[in-house]
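Everything below concerns the one structure shown next.
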Amino acid sequence: MKGFPIPLILAFTSSATRRASAFVPQPLALNNGRNYQVSTNKLLATEKKDDVSNNILSSLQLPSPEAVKENILEGNVGERGETYVVAQFSLLFFIAIGVGDVVTTILGPVFIIAGLILVYKSAADLKDNLSPWPVATDPKAGRGSLINEGIYSYIRHPMYAGLLLGMTGLSILTDSITRLLLTFALYLVLDAKSDFEEASLVKTYGSDYGEYKAKVKSKFFPLDVNSVFTNR
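Heads up: the sequence shown is residues 3 to 234, going by this note's numbering.
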């Protein structure tokens with residue numbers, strides 16, 4: 003270190019010492035035991051809360067899974083208020099995750115698929131009676147007959163119902179108010195068309211269609227959802 007100024011050596015040593023001492027952890031003051039007392043009180047309070055929670059949980063008696071299963075299976079399907087249960091849990095589901103996304107991504111496609119199935123089933127049940135014109139096919143021609151079985155035993159105009167379901171689903175899926183309004187206009191047209199068609203059916207089949215109409219009261223959709231399960 004010959005020729006190196008001694009004051010610089012001392013200054014460097016002093017500076018290094020101060021920097022090193024800055025990293026030495028300092029003991030925390032206990033504030034005359036006050037902090038320790040506060041921590042102890044918090045610990046005791048937590049233990050008391052845990053004891054209360056354990057007592058509450060131990061006093062609860064959960065239902066038996068076997069009993070719940072028997073309650074669910076008990077009774078006749080369609081007579082246990084299934085409509086209310088489905089509505090209840092559907093609303094709870096929508097409230098929990100939000101209605102907007104569910105309506106768009108789930109109900110839209112479901113309505114479309116249900117509508118397509120309904121249209122296909124209606125056409126299959128009509129067979130040779132299928133026609134775009136709202137007039138009864140002539141039984142004398144060997145093609146016309148009164149259809150009152152299959153899907154037609156639940157609703158009188160299931161094909162129109164399928165069209166309305168499908169278009170409603172498309173309106174929901176595309177989030178289109180315009181399509182929804184046009185679907186309502188379609189409902190008005192199909193409602194008037196079905197009245198015209200039923201007048202023709204009464205003229206062609208007389209009391210037979212009158213009895214069918216009295217038995218199957220729903221034009222497009224079942225008035226009572228439970229009737230789908232009980233066939234009443």
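Every residue, glycine too, gets a C-beta built ideally from N, C-alpha and C.
If you're wondering where the values come from, they're calculated on a predicted model, not measured in any experiment.
{"Asked": "State whether the region 87-100 contacts the region 108-116, with contact taken as three or more CB pairs (one from each stretch) at a distance under 8 Å.", "Found": "no"}
{"Asked": "With respect to the alpha helix (DSSP H) encompassing Asn-73, which residues constitute its N-terminal and C-terminal limits?", "Found": "67-75"}
{"Asked": "Tell me where the alpha helix (DSSP H) around Pro-160 begins and ends.", "Found": "160-175"}
{"Asked": "With burial defined as no fewer than 16 other Cβ atoms inside 10 Å of the residue's Cβ, what is the status of Tyr-154: buried or exposed?", "Found": "buried"}
{"Asked": "DSSP three-state label for Asn-78, please.", "Found": "coil"}
{"Asked": "With DSSP as the reference, label Thr-106 as helix, strand or coil.", "Found": "helix"}
{"Asked": "Can you have a look at Leu-165 and say buried or exposed, based on whether 16 or more other CB atoms are within 10 angstroms of its CB?", "Found": "buried"}
{"Asked": "I believe Tyr-214 touches Asn-150 by the beta-carbon criterion, under 8 Å. Please report the beta-carbon distance rounded to the nearest angstrom.", "Found": "5 Å"}
{"Asked": "CA-CA distance, Glu-72 and Gln-90?", "Found": "21 Å"}
{"Asked": "Measuring only the C-alpha atoms, how far is Met-169 from Leu-183?", "Found": "10 Å"}
{"Asked": "The alpha helix (DSSP H) spanning Ser-209 covers which residue range?", "Found": "209-217"}
{"Asked": "Which value, in whole angstroms, describes the spacing of the CA atoms of Ala-187 and Val-121?", "Found": "19 Å"}
{"Asked": "In the DSSP assignment, find the alpha helix (DSSP H) that holds Tyr-156 and state where it starts and stops.", "Found": "Neither: Tyr-156 is in no alpha helix (DSSP H) and is coded neither H nor E."}
{"Asked": "Which residue from Val-218, Leu-203 and Gly-212 puts its Cα closest to that of Phe-152?", "Found": "Here the sequence assigns Gly to residue 152, which means Phe is not the residue at that position. Looking at the Cα atoms, Val-218 is the closest of the given residues."}
{"Asked": "Measure the alpha-carbon distance for Leu-109 versus Gly-171 and round it to whole angstroms.", "Found": "7 Å"}
{"Asked": "Would DSSP call Gln-90 helix, strand or coil?", "Found": "helix"}
{"Asked": "Taking its Cβ as the centre, do 16 or more other Cβ atoms sit within 10 Å of Ile-99, making it buried, or is it exposed?", "Found": "exposed"}
{"Asked": "Is the beta carbon of Leu-203 closer than 8 Å to that of Ala-126?", "Found": "no"}
{"Asked": "Look at the Cβ atom of Met-161, then the Cβ atom of Ser-124, and state whether they are nearer than 8 Å.", "Found": "yes"}
{"Asked": "Nearest to Leu-148 by alpha carbon, out of Asp-193, Glu-199 and Leu-167?", "Found": "Glu-199"}
{"Asked": "If you run the structure through DSSP and keep just helix, strand and coil, what is Leu-64?", "Found": "coil"}
{"Asked": "What does the alpha-carbon distance come out to for the pair Ser-196 and Asp-103?", "Found": "35 Å"}
{"Asked": "Pull up the distance between the alpha-carbon of Gly-146 and that of Ala-194, whole angstroms please.", "Found": "22 Å"}
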